[in-house]
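Student: This is the structure, below, for whatever I ask next.
Residue numbers (our numbering): 3 to 624.
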């Protein structure tokens, strides 16, 4: 995508950052916030969800469109989930730990806390919540962060419950897992102060750093999600959901600007051609006996082919608006939302087994000329009618430019249509959870990660690179806890950032090693119960059997410590075995014998102790 004059185009962007909190229990119940394997599910149940009207009697457009797709939702329940997640028990009061963490975040963002946090229900009927809504509470407003291109305002900070996790999509429904549902989640919404893709990424990185500074946010894929709102002066506000990686945000913004620029160019061309969209009709007869596998397969199953003429659209349906995505892709996305596999259009036909003769007959059937395009859908009759109407509606919006909508982020930096933008009709009060008083003075502002990097260098003598690795690493809270309990900082940092990384590269399942395992192991080394040289073997033993304690893993690895007399006996035997080399080289033989001595002790003794004894024994015989 070529570079754009973003200021000239009037680019306006804002962010919504969603971050899971690493609390002991969920937001509205006492269940743990652990993620489970779907195979561990104890039982399942199903639900069908339908939209409800707001207090003003209005239906949210996004929820209404979602409800048009008739789907059954299946949920996996565990021994770590309860009736609250299943919507069979009222929610409990807002979790106290989550409230404390969110107040720390408000302080870091320089926000003003509300006096009382009131819980609201936000209508969501895509199956991601068993109740048909998400509980959300406004906590703070009017903050600000700094970027190299100027300040970015932070409009609001919400405390919400995380949605259920999709496990499987089926033709008739979706399977969700209840382990994630209810994990405390903060949503941070910026003002539309962002004016370039680079500033969008920097703002997201800054907010991410502030969140991690609390030491109480979950880490890993899926624990943080970024939504980006993008518009240009003649375009429209588009919400792009589910950007997983920070380094994808600038590409997402660039590609969305490009999409809107291209859609506006298509609008202008359509206007110059006096284009219009015709009525959808049944053209099944055109394709009787077709060689097209897709169309023939649909018809052999009792399906139908529906078509819509797009007058003046010839050559524009196939026009690229994002890398490898065209206006026809947009029409197809809308058709897919109603159950169709997609669409065909005359800018890409003849192809897919459709012949020239069939294309000509299709044009004739709908009254389309050579300057026109035709879009078709082939599937069961009911779906075909819904899908072609959706494609028709999207083609009509192309006449006016860029539609306001919610889109999903793709891995390649492009986006796809999801649903209309939600409106105010999706929010209404939660009557089962009482409001809570918020007092910012009850929490301390956490130390920033940038400040930690400097402190680790001055207080512990860590190098700049290692200090940054530890501060920004996912086990920073464990490092802080270990050093507070007297563990040597250099050893702790090396274990958490180097040793674990090396073992992971060697395919050791270090994810099975808990923080308690690591802390106990560090204390055993500090107390002389385990030599540093034996740490890798002990960690490997724990990774293979996480039920072992650190002490048991030492026994399992055969690394119970030895006293100095045993070290001296082993070293003396090595030196005696190599007497000739020692007498000839003196201390020059040290390096070779050190390796042999450590091998003889098999990691049971600390290298510094072995080194000291070896020097003494060599000096006796040299």
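All residues carry an ideal CB built from backbone N, CA and C; glycine is no exception. Every value quoted in this text rests on a predicted model; they were computed, and no experiment measured them.
Can you tell me where the beta strand (DSSP E) with residue 162 in it begins and where it stops?
Tutor: 152–163
Student: Using DSSP bridges, identify the partner residues of residue 233.
Tutor: Note: residue 233 sits in a beta bridge opposite 14.
Student: Leaving out five residues before and five after residue 89 in sequence, what residues of the same chain have Cβ atoms less than 7 Å from its Cβ?
Tutor: 132, 133
Student: What's the C-alpha gap between residue 448 and residue 479?
Tutor: 12 Å
Student: How about the stretch 24–38 and the stretch 78–94: do they share at least three Cβ pairs that are nearer than 8 Å?
Tutor: Yes: at least three Cβ pairs fall under 8 Å.
Student: Mind checking residue 313: buried by the 16 CB within 10 Å criterion, or exposed?
Tutor: buried
Student: To the nearest whole angstrom, what separates the beta carbons of residue 506 and residue 515, a pair I think is in contact under 8 Å?
Tutor: The pair is not a contact, with the Cβ atoms about 10 Å apart (cut-off 8 Å).
Student: For residue 489, I'd like the list of residues in its chain whose CB is within less than 6 Å of its CB, leaving aside the five on either flank, ordered along the chain.
Tutor: 524, 528
Student: For residue 190, report the span of its beta strand (DSSP E) as first-last.
Tutor: 186–192
Student: Note down, in chain order, each residue of its chain lying with its Cβ closer than 8 Å to the Cβ of residue 406, except the 5 sequence neighbours on either side.
Tutor: 238, 239, 240, 422, 423, listed in sequence order.
Student: Take residue 114 and list the residues in its own chain whose beta-carbon comes closer than 7 Å to its own, dropping the five residues that flank it on each side.
Tutor: 142, 143, 144
Student: Is the number of C-beta pairs between the stretch 164–179 and the stretch 206–223 that are closer than 8 Å three or more?
Tutor: Contact between the stretch 164–179 and the stretch 206–223 is absent: fewer than three C-beta pairs spanning the two stretches fall below 8 Å.
Student: Starting from residue 408, follow the beta strand (DSSP E) in both directions and report where the run begins and ends.
Tutor: 407–411
Student: Out of 236, 307, 41, which has the shortest C-alpha to C-alpha gap to residue 177?
Tutor: 41
Student: Report the rounded CA-to-CA distance for residue 73 versus residue 339, giving the unit in angstroms.
Tutor: 12 Å
Student: Grab the span of the beta strand (DSSP E) containing residue 82 for me, first residue to last.
Tutor: Neither: residue 82 is in no beta strand (DSSP E) and is coded neither H nor E.
Student: Ignoring anything shorter than 4 residues or poking outside the stretch 367–435, list the alpha helix (DSSP H) runs there in chain order.
Tutor: Secondary structure in the stretch 367–435: the alpha helix (DSSP H) runs of 4 residues or longer, each lying completely within the stretch, are 383–400 in chain order.
Student: Output the residue ranges of the alpha helix (DSSP H) runs that lie fully inside the stretch 480–552 and measure 4 residues or longer, sorted by chain position.
Tutor: For the stretch 480–552, the continuous alpha helix (DSSP H) assignments of 4+ residues that do not extend past its boundaries occur at 491–496, 502–507, 517–528, 537–546, in sequence order.
Student: With DSSP run on the structure shown, which of helix, strand or coil describes residue 95?
Tutor: coil
Student: Which residues does DSSP list as the beta-bridge partners of residue 122?
Tutor: Residue 122 is bridged by DSSP to 138, 431.
Student: Which two residues bound the contiguous alpha helix (DSSP H) that contains residue 324?
Tutor: Where residue 324 is concerned, there is no enclosing alpha helix (DSSP H), although the beta strand (DSSP E) it sits in stretches over 322–324.
Student: Indicate the three-state DSSP secondary structure (helix, strand or coil) for residue 210 in the structure shown.
Tutor: helix
Student: Taking only the alpha-carbon atoms, compute the straight-line gap between residue 309 and residue 156 and give it to the nearest angstrom.
Tutor: Those two C-alpha atoms are separated by around 47 Å.
Student: According to the Cβ coordinates, are residue 265 and residue 415 closer than 7 Å?
Tutor: no
Student: Name the one or two DSSP bridge partners that residue 301 has.
Tutor: DSSP lists no partner for residue 301.
Student: Can you give me the start and stop residues for the alpha helix (DSSP H) that residue 338 sits inside?
Tutor: 329–338
Student: How would you write the range of the beta strand (DSSP E) that residue 306 sits in, first residue to last?
Tutor: For residue 306, the enclosing beta strand (DSSP E) covers residues 306–313.
Student: With DSSP as the reference, label residue 254 as helix, strand or coil.
Tutor: Here residue 254 sits in helix by DSSP.
Student: Helix or strand or just coil, what does DSSP make of residue 175?
Tutor: strand
Student: Would you decide whether residue 223 is buried or exposed? Buried here means 16 or more other CB atoms lie within 10 Å of its CB.
Tutor: exposed
Student: What whole-angstrom Cβ distance do residue 2 and residue 75 have, given they're in contact under 8 Å?
Tutor: Not covered by the structure: residue 2. The range shown for the chain is 3 to 624.
Student: Looking at residue 19 and residue 228, is the spacing between their C-beta atoms short of 7 Å?
Tutor: If you check the CB distance, residue 228 and residue 19 come in under 7 Å.
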